[in-house]
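Engineer: Mind having a look at this structure? Questions to follow.
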Amino acid sequence: MKLLKKNDILVISAVLILCLVLLIPSFKKSDRLIATVTVDGVQTYVIDLSSVEKAYSFDTNTTPKAEITVEKNAIYFSYADCPDKLCVNTGKLTKNGQTAACLPAKVVVSLKSAKSDFDVLTY
Amino acid sequence: MKNKNITKKIALIGVMGALAVGLSYLESLIPAFPGFPPGAKPGLSNIATMFLASSCGIADAFFITILKGIFAGITRGFTAMLMSLSGGILSTAMACILLRGKKSNFGYIGVGIICAVCHNIGQLITACILSGTWSLVFGYGPLLLIFAMLTGFITGSILKLVMPALKRFSN
Chain Y
4 MKLLKKNDIL
14 VISAVLILCL
24 VLLIPSFKKS
34 DRLIATVTVD
44 GVQTYVIDLS
54 SVEKAYSFDT
64 NTTPKAEITV
74 EKNAIYFSYA
84 DCPDKLCVNT
94 GKLTKNGQTA
104 ACLPAKVVVS
114 LKSAKSDFDV
124 LTY
Chain V
157 MKNKNITKKI
167 ALIGVMGALA
177 VGLSYLESLI
187 PAFPGFPPGA
197 KPGLSNIATM
207 FLASSCGIAD
217 AFFITILKGI
227 FAGITRGFTA
237 MLMSLSGGIL
247 STAMACILLR
257 GKKSNFGYIG
267 VGIICAVCHN
277 IGQLITACIL
287 SGTWSLVFGY
297 GPLLLIFAML
307 TGFITGSILK
317 LVMPALKRFS
327 N
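Chains as they are written, first to last, in my numbering: chain Y, 4 to 126; chain V, 157 to 327.
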């Protein structure tokens, strides 16, 4: 068995193409950043990050506990009670398409961009 | 003569199991890098399962995969166990399909990349089911695929390098 065969290069190109296809939604540019927080599959909070003036934190009321902090144009998990702390280590989300998830608490934060006529929604 | 072979096989699976568990524990100590998906690891223990899939048997490879999952469950919690098992089983199944055949159409790097990609796809699906949010596919998918290519390339190359030595050891 060789190290690299012709089919391997096909596999590499196929994965790269799949990658680009999945990236298409995040290429969209716009002036507003909307964060959606989903708890157990239910969209619970929709926050317009562009209009946040003062940073604040809130608890998602889940077990294990997860705390989310919102700043102007940024959102992140500031505290989590789970063993792996993957969501906290993800760091600040600031760009369209970025996602942070805390699987034990079933909380997902994802960023989308929206046109400027989007209704301002806060929780 | 037959007994001697069984003893050898038991010892080999023991060594491989220890290697897989040891490597996956070492990897779990890697801190989060900026730009890399959180929790992403090189998947070096895949080398052990890929070797077992190609040189021993399908059952042995799956045994090590499940052992690894249980170990992740003990040390890192239930979610980690589900993630380890879903990714591991899919990637081991793929390794068995690709490496058991007489003549493989893929080289070591190709097999490594396919296994790593399948591992991450399995984990991504589990993550989506656990969180109930399918947008994770777009948020994490591209990053995980790129990372799988990188790690698959590394594990495939290492497997190619150590294969002659392991073959000598197991025959």
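Glycine included, each C-beta is placed from N, C-alpha and C at the ideal position.
Source: prediction; values computed, not measured.
Select from the segment 195-225 of chain V all residues with a C-beta closer than 8 Å to any C-beta belonging to chain Y, and list them in chain order.
Structural biologist: Taking 8 Å as the Cβ-Cβ cut-off against chain Y, the residues of the segment 195-225 of chain V that qualify are G195.
Engineer: Check this for me: beta carbons of L89(Y) and L106(Y), under 9 Å apart or not?
Structural biologist: Looking up residue 89(Y) in the first sequence gives position 86. Looking up residue 106(Y) in the first sequence gives position 103. Going by C-beta atoms, L89(Y) is nearer than 9 Å to L106(Y).
Engineer: Does the beta-carbon distance from K109(Y) to L238(V) come in below 9 Å?
Structural biologist: Locating residue 109(Y) in the first sequence gives position 106, where the first residue counts as 1. Locating residue 238(V) in the second sequence gives position 82, where the first residue counts as 1. The answer is no: Cβ separation not under 9 Å.
Engineer: Near E70(Y), which residues of its chain fall below 6 Å by C-beta distance, leaving aside the five closest residues on each side in sequence?
Structural biologist: Residue numbering aside, residue 70(Y) sits at position 67 when the first sequence is read from its first letter. Around E70(Y): S60, D62, S81, Y82.
Engineer: In this structure, how does DSSP classify T47(Y) when only helix, strand and coil are distinguished?
Structural biologist: For the purposes of this step, residue 47(Y) is taken as residue 44 along the first sequence, with counting starting at 1. Strand at T47(Y).
Engineer: Closer than 6 Å by C-beta to A176(V): which residues in its own chain qualify, once you throw out the five before and the five after it? Chain order, please.
Structural biologist: The count along the second sequence starts at 1 and reaches residue 176(V) at position 20. The answer, listed in chain order, is S201, A204, I220, K224.
Engineer: Using the Cβ count rule (16 or more neighbours within 10 Å means buried), how would you classify N276(V)?
Structural biologist: One-based indexing of the second sequence puts residue 276(V) at position 120. Answer is buried; the Cβ neighbour count reaches 16.
Engineer: Of all Cβ atoms in chain V, is any one closer than 9 Å to the Cβ of S119(Y)?
Structural biologist: Your numbering for residue 119(Y) matches position 116 in the first sequence. Note on S119(Y): pLDDT 49, under 50, position unreliable in the model; no value is reported.
Engineer: Give me the DSSP bridge partner(s) of E183(V).
Structural biologist: Residue numbering aside, residue 183(V) sits at position 27 when the second sequence is read from its first letter. Beta-bridge pairing links E183(V) to no other residue.
Engineer: Please state the DSSP three-state secondary structure of S119(Y).
Structural biologist: The residue given as residue 119(Y) occupies position 116 in the first sequence. Confidence at S119(Y) is low in this model, with a pLDDT of 49, below 50, so the placement of that residue is unreliable and no value is reported for it.
Engineer: Using the C-alpha atoms, what's the distance from A58(Y) back to I222(V)?
Structural biologist: As a first step, residue 222(V) must be located in the second sequence, where it is residue number 66. As a first step, residue 58(Y) must be located in the first sequence, where it is residue number 55. C-alpha separation (whole angstroms): 44 Å.
Engineer: Any idea if N99(Y) is buried or exposed, counting beta-carbon neighbours within 10 angstroms, 16 or more meaning buried?
Structural biologist: For this step, residue 99(Y) is matched to residue 96 along the first sequence. With 16 or more other Cβ atoms within 10 Å, it is buried.
Engineer: May I have the straight-line CA-CA distance separating A196(V) from T47(Y), to the nearest angstrom?
Structural biologist: As a position in the second sequence, residue 196(V) is number 40, starting the count at 1. As a position in the first sequence, residue 47(Y) is number 44, starting the count at 1. Distance between the alpha carbons of A196(V) and T47(Y): 28 Å.
Engineer: Measure the alpha-carbon distance for I258(V) versus N76(Y) and round it to whole angstroms.
Structural biologist: Numbered from 1 along the second sequence, position 102 holds the residue referred to as residue 258(V). Numbered from 1 along the first sequence, position 73 holds the residue referred to as residue 76(Y). One point to set straight first is that residue 258(V) is Lys, not Ile, in the sequence displayed. Approximately 56 Å, taken between the alpha carbons.
Engineer: Is the Cβ of V111(Y) closer than 9 Å to any Cβ of chain V?
Structural biologist: Translated into the one-based positions of the first sequence, residue 111(Y) becomes position 108. Judged by the 9 Å Cβ criterion, V111(Y) is in contact with chain V.
Engineer: Tell me which residue opens and which closes the alpha helix (DSSP H) that C105(Y) is part of.
Structural biologist: Here residue 105(Y) refers to the residue found at position 102 of the first sequence. Counting along the chain, C105(Y) falls outside any alpha helix (DSSP H), though it belongs to the beta strand (DSSP E) covering 102-105.
Engineer: Check the DSSP bridge columns for V111(Y) and list the partner residues they point to.
Structural biologist: In the first sequence, residue 111(Y) corresponds to position 108, counting from 1. In DSSP, V111(Y) forms a bridge with T41(Y), A104(Y).
Engineer: Determine the chain V residues that contact V55(Y) at a beta-carbon separation under 7 Å, and present them in chain order.
Structural biologist: Translated into the one-based positions of the first sequence, residue 55(Y) becomes position 52. In chain order: nothing, as chain V lies at least about 21 Å away.
Engineer: Express the C-alpha separation of L306(V) and A38(Y) in angstroms, rounding to a whole number.
Structural biologist: Position 35 of the first sequence, counting from 1, holds the residue named residue 38(Y). Position 150 of the second sequence, counting from 1, holds the residue named residue 306(V). Whole-angstrom Cα-Cα distance: 30 Å.
Engineer: So with Cβ pairs under 9 Å, would you call S242(V) a contact of chain Y?
Structural biologist: By one-based count along the second sequence, residue 242(V) stands at place 86. Answer no: the Cβ-Cβ gap between S242(V) and chain Y never drops below 9 Å.
Engineer: Who are F192(V)'s beta bridge partners in DSSP?
Structural biologist: Counting from one through the second sequence, the residue named residue 192(V) turns up at place 36. In DSSP, F192(V) forms no bridge with anything.
Engineer: Between S53(Y), P86(Y), I15(Y), which has its C-alpha nearest L301(V)'s C-alpha?
Structural biologist: In the second sequence, the residue the question calls residue 301(V) occupies position 145. Ranking the options by Cα distance to L301(V), first place goes to I15(Y).
Engineer: Who are the Cβ neighbours of G44(Y) in its own chain at under 8 Å, not counting the five residues just before and after it?
Structural biologist: As a working note, residue 44(Y) is residue 41 in the first sequence. Once the five neighbours on either side are set aside, the close Cβ partners of G44(Y) are K109.
Engineer: With 9 Å as the threshold, decide whether the Cβ of N161(V) is near any Cβ in chain Y.
Structural biologist: Along the second sequence, one-based indexing puts residue 161(V) at 5. Closer than 9 Å: no.
Engineer: In three-state terms, what does DSSP make of T72(Y)?
Structural biologist: For the purposes of this step, residue 72(Y) is taken as residue 69 along the first sequence, with counting starting at 1. Strand at T72(Y).
Engineer: Pull up the DSSP beta-bridge partners for Y59(Y), would you.
Structural biologist: Position 56 of the first sequence, counted from the start, is the residue given in the question as residue 59(Y). Bridge partners of Y59(Y): V73(Y).
Engineer: Can you pull the chain V neighbours of L6(Y), defined as C-beta to C-beta under 8 Å?
Structural biologist: Residue 6(Y) sits at position 3 when you count from the first residue of the first sequence. Those are G263, Y264, I265, G312, S313, K316, listed as they occur along chain V.
Engineer: Assign L317(V) to buried or exposed, taking buried as 16 or more other Cβ atoms, counted over all protein chains shown, within 10 Å of its Cβ.
Structural biologist: Within the second sequence, residue 317(V) is the residue found at index 161, counting from 1. The residue is exposed, with fewer than 16 neighbouring Cβ atoms inside 10 Å.
Engineer: Determine the direct distance from the alpha carbon of L26(Y) to that of G170(V), and round the result to whole angstroms.
Structural biologist: Locating residue 170(V) in the second sequence gives position 14, counting from the first residue. Locating residue 26(Y) in the first sequence gives position 23, counting from the first residue. Their backbone Cα atoms lie some 42 Å apart in a straight line.
Engineer: If you reduce the DSSP assignment to three classes, tell me which class L200(V) lands in.
Structural biologist: Reading the second sequence from its first residue, position 44 is the one you call residue 200(V). L200(V): coil per DSSP, three-state reduction.
Engineer: What three-state label does DSSP hand F262(V) in the structure shown?
Structural biologist: Along the second sequence, one-based indexing puts residue 262(V) at 106. DSSP places F262(V) in coil when its eight states are reduced to three.
Engineer: So, at 8 Å on beta carbons, what are the nonlocal neighbours of I281(V) in its own chain, with the 5 sequence-adjacent residues on each side left out?
Structural biologist: Residue 281(V) sits at position 125 when you count from the first residue of the second sequence. Here the set comprises S242.
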